[in-house]
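Residue numbers (the working numbering), protein chains in the order written: chain B, 31 to 832; chain U, 475 to 568.
Only one structure is covered here, and it is reproduced in the block below.
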Amino acid sequence: MAAAAAAWARLQQVSTAQLGSGGSGGALLAEAVDSATAQGLASLVPAQLLGAASAALQARLAQLRGMLAAIDEGLAASVGDEANEGDGGEEQGGLRAEVEASLVEVLRELCAAVESAAELLSQLCERILRAQPVLAPADRAVLLSAGHRFHRQAAAAVAGAQGGRDWAGLLYRYYWHKLRELSRAAEAQQEGGLDGMAADGELGGHGPAMPPGWARPLQDVAALMRRLGLEALSEEAYAAVVCRHLRERLVNHAARSFDQRMLDPALRYAASTPVTFLRLVLPEGRASEAALEHWGQRLSYYVYETVGSLRIGDMFDIVVDYPDSLPAIEDIRDCLQNTNLHRKFVAVFRKALQDRLLHPGAATSDIIQQYVSAIKALAHIDPAGAMLGAVGGPIRAYLRQRRDTIRCVVTMLTADEEDAAAASLHAELGNAEAAPQDCDSDFEGAEADAAALREAERWEPDPVDADPSRASSAAQAGDVISKLVGIYGSKELFISEYRSMLADRLLAKCDYDCDRELRTLELLKVRFGEGNLHNAEVMLKDLADSKRINTNVKSVPNTATPLRRRRGLVDIHGLSATILSQLFWPQLPTEEFNLPPEVSAMLSTYGAKYRSLKAPRKLQWKPNLGSVQLELTIGEQTLEFNVSPFHASVLMHFHTRPEWPAAELAERMGVPPDMLRRKVVFWINQGVLSESRAPGHALPVYRRNEQLQTGPAVGGEQQEGMELEEGGADQEHQEMAAYEPFVMGMLTNFDALPLDRVHNMLKMFVSDPPYDKSLDQLGAYMARLVAQEKLSLEGGQYRKRG
Amino acid sequence: MTFDVKIKKWHAVASWTWNAGDDVCGICRMPFDGCPPDGKYPGDDSPVVWGVCTHAFHLQCINRWLQSQAEQKCPFCRRQWEFKQAAVGGEDSD
Ligand SMILES: [Zn+2]
Ligand SMILES: [Zn+2]
């Protein structure tokens, strides 16, 4: 027993001394191991040796701790702050050669210590095995794996002991430096017009020309980390560096212009500098190619995700720019096909729409326009239309709440070519290839929208071989209109609104020219079926018939046979008429009043001639409809007006008589005095007539002015849809008057506000009519309200007057 | 001193009517001023005619009726149907 104890004590002493000194002088140790083995202690030896080697390594690490801290400091000093990376980093100094050299040196030393100790351990254990052929299997296993176990313990020891600093941080900073140097060299080379590769250069044909010896330390650090068994730590660091580099490059370099593809250059870039870098840090040899390929896929995926996220964040503006933004849309399409971002896409885009579009400050026509662009843009991204359902749902729900939606859609569909937005919608109408009689299926409610969202959650990209552009244009062309019409859930509503707008437009025409309306009608017929648009068809035919009849009526001479005996026939060359098939038109406003006798005579002459051509049919006049072009000479001025028949009739009465008591003129025209006044106000505002009130008289006297008056107008009354050839400023003020209640309301709620606040609040909250005035226009109008003593202005603050 | 209103152009709006008293055609029950079931446009394309018995129908309607009957009688009063000459316009004022 004493001999055994002595041998064990000897082994303890020698192993600590020998392994601590770096593993030299193995002879003494071998001897001690032999004697311990001879005493039957073989199974205890490996644990003793392992413990001694670990203790020795810990001691070595403690010595190196100071150096590692200095290296990390040296790296950190030049890396700079993450936050101001973009520009701040540029100013920082580069990687100092001595810092890099000492990093390699420390790693090399650690590696040597670990490897030599492991080697010694393995040799000693083999020696025991040779000396003791008969051993329990468990003991054999311990002896065989001692070297390996030490490696593992050493890796853990090295990883866990860096004097409070993180290896990950140190490596990250080092790799970041090297990648930055590489990427700058690549950029410089590209700017210099040299082509990518320097075949015989430092990097052996992969990547830009680097200074001789540049790559070696980088390869060494990566290789040494591998040898230390810390490959995972190292890989984590360079992976993070490469991703950060890619991301920064995409964020900074993608100028985010929507009219250029971002994805393809990004993918190309990911395959250049980052791969060159990875080639250096990955192990060499055959495994390297496979690893590089794997990394290539990983980087591509990262690019798809990053570009996808960036583009998705801009989706609202991309839609605004459609179709110029098609390249950005194609980016999104490709990114969604290669990633899992569709749910994020739906969420982000919905939120952007909610925040930027679906609020009281947005004009209905803008919302519709954006909706139309979204439909078209999404058709490129997702031809199956699942995402449109999810994204469009809130827009449709919102539009359903706006009263003027149908009217806006119809206006846009039927508007003049000058309006670009409307023109695109009109063109869309012509795109209808599919005969969508079944567009009822598009009449969705809130429930359908919710279903669409669920559907989008399950979204899967189309197979790549399906040609998305083709599928989309065909499916979507029909869609845009149905989706718009479907907002309200009924095509009957839409058609009836269309009819009433068509009536307005046709009745405003004096030239019978309705080519555009005819084209629109033809397109609507394709879409909704002829039967549903029969009324509109008759209305348009009425216009064409009216034109012909008008010519025929006027060519009937007053001396024609059936008319000869009639008296009171007058010249009708200044008269034209639109003749309606009343049952096919919507209810039209009626306003009975007496026309001036000379006008009555013209109408009845016209009627008689019509009857001579069309008997037994006859005409029934609608005196309040139509329009009158008149020339007023007042003083030295001659003005042209285009006004309603009522307004014209009022004025004609002043042609022969300078003044009329209100009651008398009202009686002459067959209307109540207050209705008369509403019309007279227009002429007063034009400075053509004036009113005065004698004391004790309830009703005023209207008088024609000898000169055109430009003084303050009578407030309150708006002109009734008249087009003025004169008086633009007045008209502007009258337009602004629509906002007066809002301004007054705000100043009631807020006591005092500066001009720009009023302006912004109007923009935000007023949509009916949409507020589209400039700050200057508002200022001019507010000044007028101040002049009228409705408001006060003090120190830039407007207040309501008590 | 001058105050002169000159009408350069007066564009008026009117509707036409067959002036056929009863609102609907007794055969097709559609308004006279509309069109019969197989007519596409009202007015010229869907004329209204009177019999000497003073009953009025769409031309298409009475023709179809007469063709379907052995005897040419007014579907209303069963009197012999005879087209009344259209009234010459301009005589009666509106
Ligand atoms: Zn009939
Ligand atoms: Zn009869």
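Every residue, glycine too, gets a C-beta built ideally from N, C-alpha and C.
Query raised in the report: Using 8 angstroms as the limit for Cβ to Cβ distance, is glycine 700 (chain B) near chain U?
Result: Within the first sequence, residue 700 (chain B) is the residue found at index 670, counting from 1. For glycine 700 (chain B), no CB of chain U lies under 8 angstroms from its own CB, so it is not counted at the interface with that chain.
Query - Neighbouring residues, chain U, relative to arginine 734 (chain B) (Cβ below 8 angstroms) - result: Within the first sequence, residue 734 (chain B) is the residue found at index 704, counting from 1. Contacts between arginine 734 (chain B) and chain U, judged by CB atoms closer than 8 angstroms, involve Phe477 in chain order.
Query raised in the report: Looking only at C-alpha atoms, which of B:Ile158, B:Gln220, B:Gln42, B:Val129 sits nearest to glycine 237 (chain B)?
Result: Translated into positions along the first sequence, residue 237 (chain B) becomes position 207. In terms of Cα proximity to glycine 237 (chain B), the closest of B:Ile158, B:Gln220, B:Gln42, B:Val129 is B:Gln220.
Requested in this report: Please state if the CB of valine 522 (chain U) and the CB of alanine 488 (chain U) are separated by a distance shorter than 8 angstroms.
Outcome: By 1-based counting over the second sequence, the position of residue 488 (chain U) is 14. By 1-based counting over the second sequence, the position of residue 522 (chain U) is 48. For alanine 488 (chain U) and valine 522 (chain U), no; Cβs fall outside 8 angstroms.
Query - threonine 663 (chain B) - DSSP class collapsed to helix/strand/coil - result: Along the first sequence, one-based indexing puts residue 663 (chain B) at 633. In this structure, threonine 663 (chain B) counts as strand in the three-state DSSP scheme.
Query raised in the report: According to the neighbour-count rule (16 or more other Cβ atoms, all chains shown, within 10 Å of its Cβ), is histidine 410 (chain B) buried or exposed?
Result: Residue mapping note: residue 410 (chain B) aligns to position 380 of the first sequence, counting from 1. Buried, by the Cβ-count rule.
Report task. Could you tell me the distance, in whole angstroms, from the CA atom of arginine 341 (chain B) to the CA atom of serine 355 (chain B)? Result -> As a first step, residue 341 (chain B) is located in the first sequence; it is residue number 311 there, counting from the start. As a first step, residue 355 (chain B) is located in the first sequence; it is residue number 325 there, counting from the start. Roughly 11 angstroms between the two C-alpha positions.
Query - Neighbour-count burial assignment, serine 502 (chain B), 16 or more Cβ in a 10 Å radius - result: Mapped onto the first sequence, residue 502 (chain B) falls at position 472. Annotation note: pLDDT 42 at serine 502 (chain B) (below 50); position unreliable, coordinate value reported separately. Buried, by the Cβ-count rule.
Query raised in the report: For lysine 830 (chain B), which residues of its own chain have a beta-carbon under 7 angstroms away from its beta-carbon, when the five flanking residues on both sides are left out?
Result: Stepping through the first sequence from its first residue, residue 830 (chain B) is reached at position 800. Once the five neighbours on either side are set aside, the close Cβ partners of lysine 830 (chain B) are Met774, Leu777, Thr778, Leu821.
Query raised in the report: Which whole-angstrom value is the C-beta distance of leucine 137 (chain B) and alanine 86 (chain B), which I expect to be below 8 angstroms?
Result: Along the first sequence, read from residue 1 onward, the residue named residue 137 (chain B) stands at position 107. Along the first sequence, read from residue 1 onward, the residue named residue 86 (chain B) stands at position 56. Contact doesn't hold; Cβ gap of about 18 angstroms is too wide.
Query raised in the report: Which residues does DSSP pair with tryptophan 525 (chain U) in a beta bridge?
Result: By one-based count along the second sequence, residue 525 (chain U) stands at place 51. What sits at residue 525 (chain U) in the sequence shown is glycine, not tryptophan. In the DSSP output, where bridge partners are listed per residue, glycine 525 (chain U) has U:Phe557.
Query raised in the report: Expressed to the nearest angstrom, what Euclidean distance is found between the alpha-carbon atoms of leucine 533 (chain U) and serine 520 (chain U)?
Result: Taking the first residue of the second sequence as position 1, residue 533 (chain U) is located at position 59. Taking the first residue of the second sequence as position 1, residue 520 (chain U) is located at position 46. The alpha-carbon atoms of leucine 533 (chain U) and serine 520 (chain U) are separated by roughly 7 angstroms.
Query raised in the report: Would you report the Cα separation of isoleucine 481 (chain U) and serine 576 (chain B), rounded to the nearest angstrom?
Result: As a working note, residue 481 (chain U) is residue 7 in the second sequence. As a working note, residue 576 (chain B) is residue 546 in the first sequence. Each residue's alpha carbon lies about 21 angstroms from the other.
Query raised in the report: Would you say the beta carbon of glycine 525 (chain U) comes nearer than 7 angstroms to a heavy atom of ligand 2?
Result: Within the second sequence, the letter at position 51 stands for residue 525 (chain U). True, at least one ligand heavy atom lies under 7 angstroms from that Cβ.
Query raised in the report: What does proline 516 (chain U) reach in chain B if we use C-beta pairs closer than 8 angstroms?
Result: Start at 1 with the first residue of the second sequence, and residue 516 (chain U) comes out as number 42. Simply Val568, Ser611, Leu613, Phe614.
Report task. Would you please verify whether the beta carbon of histidine 389 (chain B) is less than 8 angstroms from any beta carbon of chain U? Result -> As a first step, residue 389 (chain B) is located in the first sequence; it is residue number 359 there, counting from the start. Chain U contact via Cβ: absent.
Query raised in the report: Can you round the beta-carbon distance between methionine 417 (chain B) and histidine 372 (chain B) to whole angstroms, since I take them to be within the 8 angstroms contact cut?
Result: On the first sequence, position 387 is the one that residue 417 (chain B) refers to. On the first sequence, position 342 is the one that residue 372 (chain B) refers to. About 7 angstroms separates the two Cβ atoms, so the contact holds.
Report task. Taking C-beta pairs closer than 9 angstroms, name the residues in chain U that cysteine 540 (chain B) reaches, listed in chain order. Result -> Here residue 540 (chain B) corresponds to residue number 510 of the first sequence, with the count starting at 1. Ordered by position in chain U, the residues that pass the 9 angstroms Cβ test against cysteine 540 (chain B) are Lys483, His485.
Query raised in the report: Exposed or buried, which one is valine 44 (chain B) when buried takes at least 16 other CB atoms within 10 Å?
Result: Translated into positions along the first sequence, residue 44 (chain B) becomes position 14. Buried.
Requested in this report: Please compile the residues from chain U whose C-beta is within a distance smaller than 9 angstroms of the C-beta of threonine 620 (chain B).
Outcome: Numbered from 1 along the first sequence, position 590 holds the residue referred to as residue 620 (chain B). Ordered by position in chain U, no residue passes the 9 angstroms Cβ test against threonine 620 (chain B), which lies about 11 angstroms from the chain.
Report task. Taking C-beta pairs closer than 7 angstroms, name the residues in chain B that glycine 508 (chain U) reaches, listed in chain order. Result -> Here residue 508 (chain U) refers to the residue found at position 34 of the second sequence. Residues of chain B passing the Cβ test: Leu613.
Report task. Tell me aspartate 478 (chain U)'s beta-bridge partners as DSSP assigns them. Result -> Residue numbering aside, residue 478 (chain U) sits at position 4 when the second sequence is read from its first letter. DSSP output for aspartate 478 (chain U) lists B:Thr663 as bridge partner(s).
Query - Coarse secondary structure for glutamine 153 (chain B), derived from DSSP in three states - result: Numbered from 1 along the first sequence, position 123 holds the residue referred to as residue 153 (chain B). Of the three classes helix, strand and coil, the one that applies to glutamine 153 (chain B) here is helix, per DSSP.
Requested in this report: Return yes when the C-beta of cysteine 548 (chain U) is under 7 angstroms from any heavy atom of ligand 1, and no when it is not.
Outcome: Start at 1 with the first residue of the second sequence, and residue 548 (chain U) comes out as number 74. Answer for cysteine 548 (chain U): no, Cβ out of range of ligand 1.
Query - Collapsed DSSP secondary structure at proline 730 (chain B) in the structure displayed - result: For the purposes of this step, residue 730 (chain B) is taken as the residue at position 700 of the first sequence. DSSP places proline 730 (chain B) in coil when its eight states are reduced to three.
Query raised in the report: When the Cα atoms are used, what is the spatial distance from arginine 707 (chain B) to histidine 603 (chain B)?
Result: For the purposes of this step, residue 707 (chain B) is identified with residue 677 of the first sequence, where counting begins at 1. For the purposes of this step, residue 603 (chain B) is identified with residue 573 of the first sequence, where counting begins at 1. The alpha-carbon atoms of arginine 707 (chain B) and histidine 603 (chain B) are separated by roughly 31 angstroms.
Query raised in the report: What are the boundary residues of the alpha helix (DSSP H) that includes phenylalanine 288 (chain B)?
Result: Here the question's residue 288 (chain B) lines up with position 258 in the first sequence. Careful: phenylalanine 288 (chain B) lies outside any alpha helix (DSSP H) and carries neither H nor E.
Report task. Would you check whether ligand 2 has a heavy atom nearer than 7 angstroms to the C-beta of histidine 677 (chain B)? Result -> By one-based count along the first sequence, residue 677 (chain B) stands at place 647. Every heavy atom of ligand 2 is 7 angstroms or more from the Cβ of histidine 677 (chain B), so no.
Report task. Could you tell me the distance, in whole angstroms, from the CA atom of proline 626 (chain B) to the CA atom of alanine 393 (chain B)? Result -> One-based indexing of the first sequence puts residue 626 (chain B) at position 596. One-based indexing of the first sequence puts residue 393 (chain B) at position 363. One Cα belongs to proline 626 (chain B), the other to alanine 393 (chain B), and the distance between them is close to 43 angstroms.
Query raised in the report: Is cysteine 551 (chain U) near ligand 2, in the sense that its beta carbon is under 7 angstroms from a heavy atom of that ligand?
Result: Numbered from 1 along the second sequence, position 77 holds the residue referred to as residue 551 (chain U). Flag set: Cβ of cysteine 551 (chain U) near ligand 2.
Query - Own chain residues within Cβ distance below 7 angstroms of leucine 297 (chain B), not counting five before or after - result: Indexing the first sequence from 1 puts residue 297 (chain B) at position 267. Cβ neighbours of leucine 297 (chain B) beyond the five flanking positions: Ser330, Val333.
**Report entry** Near ligand 2: histidine 529 (chain U) beta-carbon under 7 angstroms from a heavy atom
**Finding:** Locating residue 529 (chain U) in the second sequence gives position 55, where the first residue counts as 1. Yes.
Query raised in the report: Given that tryptophan 690 (chain B) touches chain U, what residues does it touch there, using C-beta distances under 9 angstroms?
Result: For this step, residue 690 (chain B) is matched to residue 660 along the first sequence. Ordered by position in chain U, no residue passes the 9 angstroms Cβ test against tryptophan 690 (chain B), which lies about 13 angstroms from the chain.
Query raised in the report: When you compare each of B:Asp347, B:Ser302, B:Ala607, B:Ala253 to glycine 315 (chain B) by their alpha carbons, which one comes out closest?
Result: As a working note, residue 315 (chain B) is residue 285 in the first sequence. Checked all of B:Asp347, B:Ser302, B:Ala607, B:Ala253; the closest Cα to glycine 315 (chain B) is B:Ala253.
Query - Partners in chain B for proline 505 (chain U), counting only beta-carbon separations shorter than 8 angstroms - result: Residue 505 (chain U) sits at position 31 when you count from the first residue of the second sequence. Simply Leu613.
Query raised in the report: Do the stretch 567 to 581 of chain B and the stretch 687 to 703 of chain B meet, that is, are 3 or more Cβ pairs less than 8 angstroms apart?
Result: Contact between the stretch 567 to 581 of chain B and the stretch 687 to 703 of chain B is absent, because fewer than three Cβ pairs lie under 8 angstroms.
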